[in-house]
Each structure stands twice: as structure tokens, then as C-alpha cells.
Amino acid sequence: MKRLVAISALTTTVALMTVAAACGGKDKGATAGPGAGSDTGGGGSTLTKQEVISFGTQLATAADADPPKTRVWLGLTDETGASQSFPIDTFTGTCSAEEGGDMGALGTLRCWWAGAGVNLIAVARGAEVIVLRQWVEEQQDEPLDYEELQRIQVTYGAKVVFQL
């Protein structure tokens with residue numbers, strides 16, 4: 001009989017400990033396990049979306065045309081590789097791109113022929129890339145103001161980079 005009482009008391013104790021552990025409050029000293037909380041990993045950093053822009057050009061006339069004309073567009077590629085093309089215009093001359101530029105531009109495209117041409121810049125502002133045009137001439141004392149040509153929507157908060 002003593003043995004039966006001891007087993008019954010042991011069973012009751014184990015059952016009470018199991019219930020207490022299951023129903024007990026949150027342990028203040030415990031650390032969160034995988035998947036708990038809102039940290040995104042990587043030491044608390046978050047994943048930043050990135051979009052790449054570039055000026056695209058294609059000769060719109062025969063290679064030996066005088067003057068040559070170049071078709072220009074802005075390409076936008078997101079982090080998944082999906083790309084879009086935004087036609088800008090056709091300009092006289094041959095064109096070359098470079099990183100940076102006036103007004104904190106991401107990139108500049110210069111089209112030039114026989115002492116005159118155009119500078120195009122792509123400037124990131126908020127959730128947009130703004131394409132601006134500036135006409136230039138060889139003997140010009142002061143550069144002309146930039147004119148807005150186009151606004152292109154990008155993902156809000158995405159890092160926008162220029163690629164040659």
C-alpha cells in the first residue's frame with residue numbers, strides 16, 4: 001500500500017510540474033529562439049531593394065550620316081532582373097555616358113556634334129528618377145538651365161544606382 005501511495009504522489013507531482021511549466025508566464029531571462037521576434041537577421045540590418053538605371057543609345061541613322069542621330073532611352077532594372085525601357089528622344093550627334101553629374105546626378109549622357117549638343121542627367125528624388133536636358137554649344141558663355149523631360153517611378157526606399 002505504501003508503494004501505491006508513493007507512485008500516486010510521484011505521478012501527481014510530475015503532472016503538476018508539467019502543468020506549471022506549460023501554463024507558466026514568460027521567463028524574463030529567456031532568449032528568443034529562431035523565428036521569434038521581428039529581427040530580419042544579419043545583425044539587425046534590413047534588406048534594401050536596389051534598382052539600376054542606365055542610358056541606352058542606338059544609332060538612328062546610317063553610321064556615315066552627316067549629322068548622325070542617336071535614339072536615347074532610360075533603362076530601369078529591379079533586383080529580380082525585370083527591366084523596363086523609357087524612351088526619351090532622338091538627338092543629333094554621338095553619345096557617351098558617365099557616372100555622376102550636375103545636381104547630384106546618378107549619371108550623365110552627353111550627345112555632341114559639330115560644336116553643339118545636349119547633356120542629359122538622371123537625378124533620383126524620393127520614389128522618382130527625373131531625366132533633365134541641357135542644350136550646350138561650344139562658344140556658350142554660361143550653360144543653359146536644365147529642362148525636365150520625364151519622371152520615372154521607382155520603388156519607394158530602393159537604392160537607385162547608375163550603370164554605364
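Heads up: the sequence shown is residues 1 to 164, going by our numbering.
All C-beta atoms, glycine included, are put in the ideal place defined by N, C-alpha and C.
For residue i and residue j, what's the separation of their Cα atoms in angstroms?
i      : j      : result
Gly115 : Gly81  : 39 Å
Phe86  : Trp73  : 5 Å
Phe162 : Glu142 : 27 Å
Thr172 : Thr48  : Outside the displayed span of the chain (1 to 164) sits residue 172, for which this structure offers no information.
Glu138 : Gly117 : 9 Å
Glu147 : Val52  : 23 Å
Thr61  : Val160 : 32 Å
Ala65  : Ile152 : 32 Å
Asp89  : Ser96  : 15 Å
Glu128 : Met103 : 15 Å
Gly56  : Ala158 : 21 Å
Can you list, in chain order, the residues of its chain with a C-beta nearer than 7 Å to that of residue i? Leave out the 5 residues immediately preceding and following it.
i      : result
Gln84  : Leu76
Ala105 : Ile121, Ala122, Val123
Ser8   : Unreliable placement is indicated for Ser8, whose pLDDT of 46 sits below 50; the coordinate value is still reported in the next sentence. Here the set comprises nothing.
By Cβ distance, which residues of its chain are closer than 6 Å to residue i, with the 5 residues on each side in sequence left out?
i      : result
Gln150 : Val131
Pro67  : Thr92, Trp113
Gly101 : Thr108, Ile121
So for residue i, helix, strand or coil by DSSP?
i      : result
Asp78  : coil
Asp145 : coil
Gly104 : helix
Glu138 : coil
Pro67  : coil
Val72  : strand
Thr61  : coil
Gly56  : strand
Within the continuous beta strand (DSSP E) that includes residue i, where are the two ends?
i      : result
Val161 : 159-162
Thr48  : First-last for Thr48: undefined, no H or E at that position.
Gly117 : 116-125
Within its chain, find whatever has a CB closer than 8 Å to the CB of residue i; leave out the 5 residues flanking it on each side and keep chain order.
i     : result
Gln58 : Thr70, Arg71
Going by the C-beta, is residue i closer than 7 Å to any heavy atom of the ligand ATP?
i     : result
Gly81 : Although the ligand ATP was asked about, the structure shown includes no ligands whatsoever.
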